[in-house]
Amino acid sequence: MSSEAVKVDADKVVTFHYSLRDADDAFVESSEGKDPVTYMHGHANIVPGLEEQMAGKQPGDKFTASVPPEQAYGLRDPNAVQRVPIKHLVNAGKLAAGQTVAVNTREGPRHALVVKVGHFNVDLDLNHPLAGKTLVFAIEIVDVRDATAEELQHGHAHGPGGHGHDHDHDGDHAHDHEHGADHDHAHDHGH
Ligand code: ZN
Numbered sequence: 000m001s002s003e004a005v006k007v008d009a010d011k012v013v014t015f016h017y018s019l020r021d022a023d024d025a026f027v028e029s030s031e032g033k034d035p036v037t038y039m040h041g042h043a044n045i046v047p048g049l050e051e052q053m054a055g056k057q058p059g060d061k062f063t064a065s066v067p068p069e070q071a072y073g074l075r076d077p078n079a080v081q082r083v084p085i086k087h088l089v090n091a092g093k094l095a096a097g098q099t100v101a102v103n104t105r106e107g108p109r110h111a112l113v114v115k116v117g118h119f120n121v122d123l124d125l126n127h128p129l130a131g132k133t134l135v136f137a138i139e140i141v142d143v144r145d146a147t148a149e150e151l152q153h154g155h156a157h158g159p160g161g162h163g164h165d166h167d168h169d170g171d172h173a174h175d176h177e178h179g180a181d182h183d184h185a186h187d188h189g190h
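Using numbering that gives the first Met the number 0, read the sequence shown as starting at 0 and increasing by one per residue.
Spelled out as structure tokens, the structure:
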């Protein structure tokens, strides 16, 4: 590898593979067998603790990044466990504790973990599934390039594995990113 290799820095578009485990070494998810993830550095498009540890890396680099919950999905919020009428669930079906369901909220459907099932109500944990967890990422940097003018304007990477890819831990961006569709890019995305 040449010393001229582009390094991860603000406004670089970075493509990487990852494998994620929690602090107990339990497997969470990985990009193995899928497209690598692409993001634009310095725009809070990946969890802050991981972004920080990406800085200065270059293509071919492999490293492990341990990220405490405060720099990932935050601590668990005990108030995020709520009793909800079963009729508010999307396709409730047969309910059991430990399963994941979708619940209709003012902001649209949201995934939640069933804690307890009653006759008419269900106790749901609306915390992010990774809240309160230390995340241990095994990272392999695939590519680092300059952002395009359009990407700089939008504040996120485009193309395969970029913004709106199904691996997007940031709940604010759960929607697909279809340019020219329903998504106005004139404004700041405001993370
Ligand atoms: Zn865009």
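A virtual CB, placed ideally from N, CA and C, is assigned to each residue, including glycine.
As the structure is a prediction and not an experimental result, all values here were calculated from the model.
Put residue i into one of helix, strand or coil per three-state DSSP.
| i | result |
| --- | --- |
| residue 126 | coil |
| residue 45 | coil |
| residue 148 | helix |
| residue 16 | strand |
| residue 23 | coil |
| residue 169 | No answer about residue 169 holds up, because its pLDDT of 43 lies below 50 and its placement is not dependable. |
Nearest by alpha-carbon distance to residue i: which of the options is it?
| i | options | result |
| --- | --- | --- |
| residue 63 | 105, 69, 52 | 52 |
| residue 3 | 80, 46, 57 | 57 |
| residue 99 | 73, 71, 126, 28 | 126 |
| residue 71 | 54, 21, 10, 155 | 21 |
| residue 30 | 158, 136, 157, 155 | 136 |
| residue 157 | 140, 131, 10 | 10 |
| residue 120 | 97, 128, 88 | 88 |
| residue 27 | 138, 134, 155 | 134 |
| residue 75 | 60, 128, 140 | 128 |
| residue 25 | 132, 110, 5, 139 | 132 |
| residue 227 | 49, 109, 86 | The structure shown does not extend to residue 227, since the chain is modelled only from 0 through 190, so no value can be given for it. |
| residue 73 | 138, 23, 108, 47 | 47 |
| residue 5 | 122, 140, 19 | 140 |
| residue 78 | 124, 59, 138 | 124 |
| residue 86 | 138, 23, 122, 19 | 122 |
| residue 19 | 155, 159, 138 | 138 |
Is the shortest distance between the beta-carbon of residue i and the beta-carbons of chain B less than 9 Å?
| i | result |
| --- | --- |
| residue 97 | Absence of chain B from the displayed structure is noted, only one protein chain being present. |
Complete alpha helix (DSSP H) runs within the region 45-129 (minimum length 4 residues, chain order): Taking only runs of at least 4 residues, the alpha helix (DSSP H) segments lying wholly in the region 45-129 are 47-53.
The region 140-152 / the region 91-104 touching (three or more Cβ pairs under 8 Å): The region 140-152 vs the region 91-104: no contact.
Given 8 Å, three or more beta-carbon pairs between the region 33-42 and the region 80-98: Fewer than three Cβ pairs drawn from the region 33-42 and the region 80-98 lie within less than 8 Å of each other, which leaves the two stretches out of contact.
Meets three-Cβ-pair contact criterion under 8 Å: the region 59-74 and the region 90-99: Contact fails: fewer than three Cβ-Cβ distances are below 8 Å.
At least three beta-carbon pairs within less than 8 Å, the region 21-37 to the region 109-118: Too few Cβ pairs lie closer than 8 Å, so no.
Sufficient close CB pairs (3 or more, under 8 Å) joining the region 148-155 to the region 15-25: Touching, no.
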